[in-house]
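Please read the structure below before turning to the comments.
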């Protein structure tokens with residue numbers, strides 16, 4: 005897929021940090037910024053999908069009582085402490 009150029013406005017500190025990371029990774033700054041945006045978009049898409057699934061489950065009445073969830077996590081935490 006052909007790439008398209010775009011611009012991003014960053015403050016001096018952030019741009020310097022991106023430059024340092026790109027240099028440490030031996031990658032161009034543009035590659036690092038593109039990778040960061042791809043990861044951000046993927047994470048946010050996942051989050052939106054999960055929220056939509058949760059809303060659908062709630063609308064369908066598929067809910068779990070808070071005390072049940074709390075007990076489950078307390079048991080899991082106690083098991084990790086052993």
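In this note's numbering, the protein residues as written are 5 to 86. Glycine included, C-beta positions come from ideal geometry on N, C-alpha and C. What you are looking at is a predicted structure, and each value in this text was computed from that prediction instead of being measured.
Beta-carbon spacing of residue i, residue j below 8 Å
| i | j | result |
| --- | --- | --- |
| residue 22 | residue 13 | no |
Own chain, CB closer than 8 Å to residue i, minus 5 neighbours either side, in chain order
| i | result |
| --- | --- |
| residue 63 | none |
| residue 29 | 36 |
| residue 43 | none |
Sequence-distant residues of its chain with Cβ nearer than 7 Å to residue i (five each side left out)
| i | result |
| --- | --- |
| residue 25 | 36 |
Cutoff 6 Å; reference residue i; Cβ partners in own chain excluding five residues on either side
| i | result |
| --- | --- |
| residue 50 | none |
Problem - Runs of alpha helix (DSSP H) wholly within the segment 5–42 (minimum 4 residues, chain order) - result: Listed in chain order, the complete alpha helix (DSSP H) runs (minimum 4 residues) inside the segment 5–42 are 16–29.
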